[in-house]
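Remarks on the structure that follows.
Residue numbers (the numbering used here): 10 to 116.
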């Protein structure tokens, strides 16, 4: 099985940096490192099985191909689109946010 590389957009990288900063400031280094581990595990999963992500927001926002995958033990979702040669990571957002409006920012 061939795995597709992850290519995060700049805004997705910023989402991750903001989440890590939040956990460092509001919780602990251990919690921030746990978030990074959970993100890496989620990335591993979607590179192996890109079609397993939810299409809920693709239908809601009329964005064909958009999928989301949750992080374990952290309330974040990875939003991505499978391309022929890679996975295009759009955003990494907290699940309690107004997801449709945050994704429209990217559009």
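For glycine and all other residues, C-beta sits at the position ideal for the given N, C-alpha and C.
One alpha carbon belongs to residue 71, the other to residue 108, and they sit about 14 Å apart.
Inter-residue distance for residue 40 and residue 68 is about 33 Å (C-alpha atoms, whole angstroms). Checking the DSSP bridge columns, you'll see residue 70 has no partner listed. Counting only residues of its own chain and dropping the five nearest sequence neighbours on each side, residue 104 has a CB closer than 7 Å to the CB of 84, 85 and 86.
Around the beta-carbon of residue 77, 16 or more other beta-carbon atoms lie within 10 Å, marking it buried.
In terms of Cβ geometry, residue 13 and residue 56 form a close pair [threshold 8 Å]. In the DSSP assignment, residue 25 is bridged to no other residue.
Counting along the chain, the unbroken beta strand (DSSP E) around residue 100 starts and ends at 96 to 103. Inter-residue distance for residue 29 and residue 11 is about 30 Å (C-alpha atoms, whole angstroms). For residue 42, the uninterrupted alpha helix (DSSP H) segment begins and ends at 38 to 57.
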